[in-house]
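Colleague: Here it is, the structure in full.
Chains as they are written, first to last, in our numbering: chain W, 5 to 139; chain G, 5 to 139; chain D, 5 to 139; chain S, 5 to 139; chain A, 5 to 139.
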């Protein structure tokens, strides 16, 4: 009975797709706690949906760390708004967060609806402040 | 006697509504420490008030993690000002915090007074800088 | 001999007011390390001064967590500049910190000199940018 | 079998260059989790590529901490965008991050392509807003 | 053999000034990892240089926490750029960091070269935006 051993039991039940099951992720060194339902919501073909439900035996090439958390080699900073989007369906960015960072994560996880939203935000920001046509 | 086992005793006493009892929350992977009194203050019908006092046997569908902290599958970033509001009754947002993120949490937890305040803040921010009518 | 048990010994010596004794605080879930001397400096009648020296047997209604840290049900975000002020006597705020959040903590801990300083900062910020009288 | 001992096994296999092997870094006190493949990607002559693959017996003068994480005496704040760049090849900076801090890390780790990109960003920022020549 | 006991061995060898020895600091509750060489670099008469090399038996009045980290009762927020400066000799501040906070730490640790640089930065920031003389 090592510390953290009680979180390992979640691991043995990965054979199911129980949406209320608690999942711990280790994204680039930062721990996120969520449910299987959140990770597999929206975009049913996203990498997260496949990793944590559909093809979990094939697609899931990651490992777990010593506490039983699933290891994901991505940026925790830009994963935060991605996970929040999966919780309630809205993309919310703080003022100091670069949307290009979130776009890279949306692409990696194959969240097609988010990719479009983020590309629009980036386009809008890159337009010059003075955008009146020089007639 | 595992590490953290001393925080588990708080769990057994959830049958009461003792406001001075210490509660540990694991919100999306981040740990918050507060009291039952703070969580059940204001909006007596909020989800938090029901979860941590009234209907605790019915409404509380969450679980606890290995350290005895109550698991909540929400954003820790936007829960922070919510919990702070419950402590003293004032909504205080830092400049880089997006009020739309806090609004989603206020809606989730059913804090009706906060929802109105946040919607006003968002309305005000979305008004153009130059809002003088073009007479 | 559990992990963290070595920090518990600080607890037994709370009967004195030794300023060089190390104190660990758990403020809303975040750990702060400081000394008894820092917490009881300035405003001798502040709640912190009374909690950690004078009336420690009466005024100290808080508890300690599993690691021996004193539990305080307040915002760690806005406690940070308060603790820093107690270290050297200067109030220093980063640009994205809302002074109204720090004011609530200064009021809670009864730091009267800080309350005045913060109210002045808030007054100054709320003045419109264009404050020339329309003669 | 101490806590964290399971991460030590990664240590014994450092003799290979297995890109899918998980690596834990302790950069200035903050833990980052990534793979050997990410650390040795791009700039094959970078210090990271040599440390974690090529000359690992010679070039790797660092040590590991009690949990088996490789110790690196650098800024975690500015290492974050460096590691993110190694994951997908794009340099992404949040608005409040000083590019000069990231430049120092790029120089330290010998990431030549990043150094050029960062120097261009810094040059552009230092140009005055009004840069029209006074004819 | 408690968790963290392997970091305690660094403690016994504090009698030397080995620059490549790893040091763990607990600054106000946040852990920083660095080397003795970094802490004693530049300003040879700084408090850090004396604490971690020269007068270590006399000057070092601090203690170590349960994990063997040296306790320092200062702000971790403003210590971060100080430690980074000691690593490569450049002072780098993010946009939201108040230089007055870093100045207090530079003064405390007796880093005379940094004090001057920071005072210049603060002077420049306090100048009004429109500083053309009204002839």
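From the three backbone atoms N, C-alpha and C, an ideal C-beta is built for every residue, glycine too.
Given the structure is predicted, the values throughout are model-derived calculations rather than measurements.
1. Identify the contact partners of residue 102(G) in chain W, using a Cβ-Cβ distance below 8 Å as the criterion.
2. Using CA coordinates, which residue listed in 87(D), 81(D), 110(D) is at the minimum distance from residue 100(D)?
3. Which residues bound the alpha helix (DSSP H) around residue 94(G)?
4. I want to see whether chain C comes within less than 8 Å of residue 128(G), judged by CB atoms only; does it?
5. Ordered along the chain, which non-local residues of its own chain (more than five positions away) have a Cβ less than 7 Å from that of residue 109(A)?
6. Contact between the region 89-104 of chain A and the region 120-129 of chain A is defined here as three or more beta-carbon pairs at a separation below 8 Å; is this criterion met?
7. Quick check on residue 88(A) - is its C-beta less than 8 Å from some C-beta in chain D?
8. Helix, strand or coil for residue 30(D), going by three-state DSSP, please let me know.
9. Determine the DSSP secondary structure at residue 110(S), reduced to helix, strand or coil.
10. Do you know offhand how far residue 114(G)'s Cα is from residue 57(W)'s?
11. Run through DSSP, which three-state label would residue 71(A) get?
12. Distance, Cα to Cα, residue 63(A) vs residue 129(D)?
13. What are the boundary residues of the alpha helix (DSSP H) that includes residue 127(S)?
14. Does any residue of chain A bring its CB to less than 8 Å from the CB of residue 32(S)?
15. Going by CA-CA distance only, name the one from 126(W), 127(W), 131(W), 95(W) that's closest to residue 118(W).
16. Helix, strand or coil for residue 83(D) per DSSP?
17. Run the CB neighbour count on residue 24(D), radius 10 Å, all protein chains shown included, and call it buried at 16 or more, exposed below.
18. Any beta-carbon of chain A closer than 8 Å to the one on residue 93(S)?
19. Taking 8 Å as the threshold (C-beta atoms), are residue 37(A) and residue 30(S) in contact?
20. Just the chain G side, please: which residues come within less than 7 Å of residue 36(W) by C-beta, in chain order?
21. Among 93(D), 76(D), 112(D), whose alpha-carbon lies nearest the alpha-carbon of residue 42(D)?
22. Terminal residues of the continuous alpha helix (DSSP H) containing residue 42(D)?
23. Who pairs with residue 36(W) in a beta bridge, going by DSSP?
24. Looking only at C-alpha atoms, which of 22(G), 127(G), 27(G), 126(G) sits nearest to residue 71(G)?
25. Looking at the C-beta of residue 121(G), does it have a partner C-beta in chain D at a distance below 8 Å?
26. What's the gap between the Cα of residue 68(D) and the Cα of residue 55(A)?
27. Do we get a CB-CB distance below 8 Å when we pair residue 84(W) with the residues of chain G?
28. Considering only residues of the same chain and omitting the five flanking positions on each side of residue 116(W), which have a CB-CB separation below 7 Å?
29. Thinking C-alpha only, which one of 97(W), 131(W), 90(W) is nearest residue 51(W)?
30. Using 8 Å as the threshold, is the C-beta distance between residue 107(W) and residue 126(W) below it?
31. Given that a residue counts as buried once 16 or more other Cβ atoms are within 10 Å of its Cβ, and exposed if not, what is residue 22(D)?
32. For the alpha helix (DSSP H) containing residue 78(W), name the first residue and the last one.
33. Run through DSSP, which three-state label would residue 46(W) get?
34. Taking 8 Å as the CB-CB cut-off, is residue 42(S) touching chain W?
35. Let me check understanding here. Comparing Cα to Cα, which of 49(S), 74(S), 73(S) lies closest to residue 111(S)?
Modeller: Let me lay it out:
1. Looking up residue 102(G) in the second chain gives position 98. Residues of chain W passing the Cβ test: 96, 97, 98, 99.
2. Residue numbering aside, residue 100(D) sits at position 96 when the third chain is read from its first letter. Taking only the C-alpha atoms, the option nearest residue 100(D) is 81(D).
3. Stepping through the second chain from its first residue, residue 94(G) is reached at position 90. Residue 94(G) -> no alpha helix (DSSP H), and no H or E assigned at all.
4. Absent here is chain C; the protein component of the structure consists of chains W, G, D, S and A.
5. Counting from one through the fifth chain, the residue named residue 109(A) turns up at place 105. Result list for residue 109(A): 78, 79, 82, 83, 86, in chain order.
6. yes
7. The count along the fifth chain starts at 1 and reaches residue 88(A) at position 84. So, not an interface residue.
8. Along the third chain, read from residue 1 onward, the residue named residue 30(D) stands at position 26. Reduced to three states, the DSSP call for residue 30(D) is strand.
9. Translated into the one-based positions of the fourth chain, residue 110(S) becomes position 106. Residue state, collapsed to three classes: helix.
10. Here residue 114(G) refers to the residue found at position 110 when the second chain is read from its first residue. Here residue 57(W) refers to the residue found at position 53 when the first chain is read from its first residue. Going from the Cα of residue 114(G) to the Cα of residue 57(W) covers about 30 Å.
11. For the purposes of this step, residue 71(A) is identified with residue 67 of the fifth chain, where counting begins at 1. Coil at residue 71(A), not helix or strand.
12. Along the fifth chain, read from residue 1 onward, the residue named residue 63(A) stands at position 59. Along the third chain, read from residue 1 onward, the residue named residue 129(D) stands at position 125. At residue 63(A), the pLDDT of 48 sits below 50, so the modelled position is not reliable; the number obtained from the coordinates is stated separately. Cα to Cα, the separation comes out at about 43 Å.
13. The residue labelled residue 127(S) in the question sits at position 123 within the fourth chain. Segment 116-130, the alpha helix (DSSP H) holding residue 127(S).
14. Taking the first residue of the fourth chain as position 1, residue 32(S) is located at position 28. Yes, its Cβ sits closer than 8 Å to a Cβ of chain A.
15. Locating residue 118(W) in the first chain gives position 114, counting from the first residue. Per the Cα distances, 95(W).
16. Numbered from its first residue, the third chain carries residue 83(D) at position 79. Looking at residue 83(D) - three-state DSSP - the assignment turns out to be helix.
17. Numbered from 1 along the third chain, position 20 holds the residue referred to as residue 24(D). Burial call: exposed.
18. In the fourth chain, counting from the first residue as 1, residue 93(S) sits at position 89. Judged by the 8 Å Cβ criterion, residue 93(S) is not in contact with chain A.
19. One-based indexing of the fourth chain puts residue 30(S) at position 26. One-based indexing of the fifth chain puts residue 37(A) at position 33. Yes, Cβ-Cβ distance for residue 30(S) and residue 37(A) is below 8 Å.
20. As a position in the first chain, residue 36(W) is number 32, starting the count at 1. Those within 7 Å of residue 36(W) in chain G are 32, 33.
21. Start at 1 with the first residue of the third chain, and residue 42(D) comes out as number 38. Closest by alpha carbon: 93(D).
22. Counted from its first residue, the third chain places residue 42(D) at position 38. Its alpha helix (DSSP H) spans residues 40-43.
23. Translated into positions along the first chain, residue 36(W) becomes position 32. DSSP lists 29(W) as partners of residue 36(W).
24. By 1-based counting over the second chain, the position of residue 71(G) is 67. When each option's Cα is compared against that of residue 71(G), the closest is 27(G).
25. For this step, residue 121(G) is matched to residue 117 along the second chain. Taking Cβ atoms only, chain D never reaches closer than 8 Å to residue 121(G), which makes this a no.
26. Taking the third chain and counting its residues from 1, the one referred to as residue 68(D) is at position 64. Taking the fifth chain and counting its residues from 1, the one referred to as residue 55(A) is at position 51. Each residue's Cα considered, the two are about 32 Å apart.
27. To locate residue 84(W), count along the first chain from 1; it is residue 80. Chain G, which has a Cβ nearer than 8 Å to the Cβ of residue 84(W), makes this yes.
28. For the purposes of this step, residue 116(W) is identified with residue 112 of the first chain, where counting begins at 1. The residues are 47.
29. For the purposes of this step, residue 51(W) is taken as the residue at position 47 of the first chain. Comparing Cα-Cα distances from residue 51(W) to each of 97(W), 131(W), 90(W), the minimum goes to 90(W).
30. Along the first chain, read from residue 1 onward, the residue named residue 107(W) stands at position 103. Along the first chain, read from residue 1 onward, the residue named residue 126(W) stands at position 122. Yes, these two residues count as a Cβ contact at 8 Å.
31. As a working mapping, residue 22(D) is identified with position 18 in the third chain. The residue is exposed, with fewer than 16 neighbouring Cβ atoms inside 10 Å.
32. As a first step, residue 78(W) must be located in the first chain, where it is residue number 74. From DSSP, residue 78(W) is part of no alpha helix (DSSP H); its letter is neither H nor E.
33. Translated into positions along the first chain, residue 46(W) becomes position 42. The answer is coil: DSSP assigns residue 46(W) none of H, G, I, E or B.
34. Here residue 42(S) refers to the residue found at position 38 when the fourth chain is read from its first residue. For residue 42(S), the answer is yes, since a Cβ of chain W falls inside 8 Å of its Cβ.
35. In the fourth chain, the residue the question calls residue 111(S) occupies position 107. Residue 49(S) is the option with its Cα nearest to residue 111(S).
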